[in-house]
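What follows is a short report on a single structure.
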Amino acid sequence: MRCRDMSVIAPAVLAENAEQYKQIIDKIQPFAQRIHVDISDGEFAPSFTIASNEIWWPEGWEVDVHAMVARPAEHLQTLVQLKPSMVIFHAEADPEQLPSVLATLKQYNIKAGVAVLRSTVPASVEQIIQQAEHVMVFTGDLGKYGGTANLMQLEKVRLIKQINPEAEIGWDGGVNVDNAYTLTQGGVNVLNVGSAIQMATDPATMYQQLVDEINKQGVL
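Counting in numbering that gives the first Met the number 0, the sequence shown runs from 0 upward without gaps.
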């Protein structure tokens, strides 16, 4: 069983091509344990990223694939063959495809995740949240680094937990040293971190600062 009090930092990987992808993986390889790989179809999100059949990772890593795609079923076979730890599709994607897609992921022992955009009210996608093992609150800009962490969106964590108390909660968008502790105190289990690590002068030191921040004890 996962300890519900534990939170983790997952460096985010957002690359336009295979060369850039390798550069990012090489940068985070010395310290990364769980990572968050973004892929986009250029339709659901306005930008194109590396294709799902081009992504890879070192053995032993825990990998969450965030698929910003309009039609999840079209990407399912390729993603299943990659055998990531989890695939996160958007609750706003094709609603007719999502239930069967999430069920298929579970059949292959891949955790089924869903992401909700800033404008999405959890109650409007209640059935999908009930089916998911992980729900990610997305507050950034699709397909881009450097989003803003809108902390008002933390209210969604409570609403999601009312719908599915067992779900692991993720957060994507604007995580940094200044807000990481607040996010974990608000119930976020997985903090996906893009620009704060990737743009840092020393990514390994920044990663460790974030880890220390989320593990610090509260001060009365």
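Ideal placement from N, C-alpha and C gives every residue a C-beta, glycine not left out.
Out of 18, 27, 14, 178, the CA that lies nearest to the CA of residue 199 is found in 27. Ranked by Cα distance from residue 25, the first of 186, 9, 57 is 57. Taking the C-beta atoms as reference points, residue 162 is found no nearer than 7 angstroms to residue 127. Counting the other CB atoms within 10 Å of its CB gives residue 189 a total of 16 or more, which places it among the buried residues.
Around the beta carbon of residue 17, a 10 Å sphere encloses fewer than 16 other beta carbons of the protein chains shown; the residue is thus reported as exposed. Linking residue 65 to residue 137 through their CA atoms gives a straight-line distance of about 11 angstroms. Pairing residue 54 with residue 79 gives a Cβ-Cβ distance that is not under 7 angstroms. In this structure, residue 34 and residue 62 form a Cβ contact; the two beta carbons are roughly 6 angstroms apart against a cut-off of 8 angstroms.
Every alpha helix (DSSP H) of 4 residues or more that sits fully in the region 148 to 201 is shown, in chain order, as 154 to 162, 179 to 184, 194 to 197.
Non-local beta-carbon contacts of residue 155 in its own chain, meaning distances under 8 angstroms to residues more than five positions away in sequence, involve 115, 121, 136 in chain order. 99 is the residue among 70, 99, 22 whose C-alpha sits nearest the C-alpha of residue 131. Residue 39 sits in a strand when the DSSP states are folded into three classes.
Here DSSP, grouped into helix, strand and coil, assigns residue 211 to helix. Under DSSP, residue 134 forms a beta bridge with 113, 168.
Taking each of 107, 170, 14, 178 in turn and checking the Cα distance to residue 113, the smallest one comes out for 170. Boundaries of the alpha helix (DSSP H) harbouring residue 25: 17 to 27, taken from the DSSP string.
In the DSSP secondary-structure assignment, residue 49 is not bridged to any residue.
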